[in-house]
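J.: Just passing along the structure, written as structure tokens.
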Amino acid sequence: MAVSGCTRECAEAQGKDIGVIATDKGWNLYVCGNGGMKPRHADLFASDLDEATLIRSIDRLLMFYIRTADRLQRTSTWMDNLEGGVAYLRQVVLEDSLGIGEELEQEMARIVDSYQCEWQTTLNDPQRLALFRSFVNSDQPDEAVQRRDLRGQPQPLLTETLPEGELPSRPWQAVCDLDAIPAQAGIGARLGERQIALFRFGERVYALDNREPGSTANVLSRGLLGDVGGEPVVISPLYKQRIRLRDGWPCDGDEQAVRAWPVKVENGKVWVGNQQLLARAEAS
């Protein structure tokens, strides 16, 4: 969506899903434009609208689009496939030819009333905010993320391979409560001083090193969980490597294996052992 304050069109409103351009008499409404690989110039839908009519028309149009478009279909493609084209859409939206104008407005009103800023909701919820910590059991920052000051601005430093942190001396370390790990997702943790990634997949918890193979980034805990032929895996954020959760072995066989660590859950507490599991490749 874009709004231009004059016909100089600095906001490029005529290439957006919804575009509005100010005129001497009100607002011109453009619809179903598109940039990118398949550009489409937006259609002039209505001219010199007052503000109330403009907002009402946009509400009706968007809700009618949501009702009738295919999943993931852009407004430009929707318009090209719409029987009757822009003339038919004007009849539905401006003239209420189907008698559903008020219903469409009410649907939009419900969406507006239920709107929330997800970031503000997260900031107000300590449990959700905890998911954005680097480590579930430590406030220590990620040692691989280093910066220097350049012209008064922080600049990331390319770090050399850092020494791995010390493991705890005891065979098992209590890391966190089970509920601290989001379901079907991962979270970073410290095993002694070493970074690991904890994953909660179904009823089980797995632990792998947090560093993504082939990189110096400790981001594996942010990967997406899924399964390959029934085998639980994490898909790494940077290189999209599919890594088995139970032993850290890459499903595609070409990447470096990730160290896996034994995990047990007792009385709602997650414990991780300090002796790594041995990864074993299976014949495909």
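Here the UniProt record's numbering is used: the first residue of the sequence shown is 1, the next is one more, and so on. A virtual CB, placed ideally from N, CA and C, is assigned to each residue, including glycine. Everything numeric in this text was worked out from a predicted model, so none of it was measured.
#1: Relative to the C-alpha of G214, which candidate in G188, D48 and D254 has its C-alpha closest?
#2: Could you please give the first and the last residue of the uninterrupted beta strand (DSSP E) stretch that includes R148?
#3: Roughly how many angstroms lie between the CA atoms of M63 and L54, to the nearest whole one?
#4: Decide if the stretch 132 to 143 is in contact with the stretch 176 to 192; the criterion is three or more beta carbon pairs, one per stretch, under 8 angstroms apart.
#5: Is Y206 buried or exposed, if buried means 16 or more other CB atoms sit within 10 Å of its CB?
#6: Taking its Cβ as the centre, do 16 or more other Cβ atoms sit within 10 Å of G188, making it buried, or is it exposed?
#7: V31 by DSSP, collapsed to three states: which one?
#8: Hey, quick one: how far does the beta strand (DSSP E) through Y65 stretch, first residue to last?
#9: According to DSSP, is I111 part of a helix, a strand, or is it coil?
#10: Grab me the residues of E107's own chain with a C-beta within less than 6 angstroms of its C-beta, minus the 5 sequence neighbours each way, in chain order.
#11: Could you tell me which of E143, E103 and E95 sits nearest to T159, measuring between CA atoms?
#12: Are the CB atoms of D50 and residue 300 within a distance shorter than 7 angstroms?
#13: Using a Cβ-Cβ cutoff of less than 7 angstroms, which residues in the same chain neighbour residue 315 once the five nearest sequence positions on both sides are dropped?
#14: If you measure between the beta carbons of D209 and R151, is that distance less than 7 angstroms?
#15: For N274 and V263, what's the separation of their Cα atoms in angstroms?
#16: In the structure shown, what three-state DSSP assignment does V219 receive?
#17: Which residue spans inside the stretch 237 to 280 form an unbroken beta strand (DSSP E) run of at least 3?
#18: Straight-line CA distance for V233 to G223?
T.: Taking the geometry as given:
#1: In the sequence shown, counting from the first residue as 1, residue 214 sits at position 214. The shortest Cα separation from G214 among G188, D48 and D254 belongs to D254.
#2: In the sequence shown, the residue the question calls residue 148 occupies position 148. Start and end: R147 to L150.
#3: For the purposes of this step, residue 63 is identified with residue 63 of the sequence shown, where counting begins at 1. For the purposes of this step, residue 54 is identified with residue 54 of the sequence shown, where counting begins at 1. Each residue's CA atom was taken as its position, placing M63 and L54 some 14 angstroms apart.
#4: Touching, yes, given that three or more Cβ pairs across the two stretches are closer than 8 angstroms.
#5: Counting from one through the sequence shown, the residue named residue 206 turns up at place 206. The residue in question, Y206, is buried, as its Cβ has 16 or more Cβ neighbours within 10 Å.
#6: Within the sequence shown, numbered from 1, the residue matching residue 188 stands at position 188. When all chains shown are included, G188 counts as buried.
#7: Against the sequence shown, residue 31 aligns to sequence position 31. Looking at V31 - three-state DSSP - the assignment turns out to be strand.
#8: Here residue 65 refers to the residue found at position 65 of the sequence shown. Per DSSP, Y65 belongs to no beta strand (DSSP E); it is in the alpha helix (DSSP H), E51 to T68.
#9: Taking the first residue of the sequence shown as position 1, residue 111 is located at position 111. In the structure shown, I111 falls within a helical segment according to DSSP collapsed to helix, strand and coil.
#10: Here residue 107 corresponds to residue number 107 of the sequence shown, with the count starting at 1. Closer than 6 angstroms at Cβ, skipping near neighbours: M63.
#11: Your numbering for residue 159 matches position 159 in the sequence shown. Ranking the options by Cα distance to T159, first place goes to E143.
#12: This structure cannot settle anything about residue 300, because the visible part of the chain is limited to 1 through 284.
#13: Past the boundaries of the shown model lies residue 315; the chain is included only from 1 to 284, so the question cannot be answered.
#14: Mapped onto the sequence shown, residue 209 falls at position 209. Mapped onto the sequence shown, residue 151 falls at position 151. No, the pair does not count as a contact, with Cβ atoms beyond the cut-off.
#15: Position 274 of the sequence shown holds residue 274. Position 263 of the sequence shown holds residue 263. One C-alpha to the other measures close to 10 angstroms.
#16: Sequence index remark: in the sequence shown, residue 219 carries index 219 (1-based). In the structure shown, V219 sits in coil (DSSP, three-state: anything other than H, G, I, E or B).
#17: 242 to 244, 263 to 266 and 269 to 273
#18: Here residue 233 refers to the residue found at position 233 when the sequence shown is read from its first residue. Here residue 223 refers to the residue found at position 223 when the sequence shown is read from its first residue. Roughly 10 angstroms separates the two Cα atoms.
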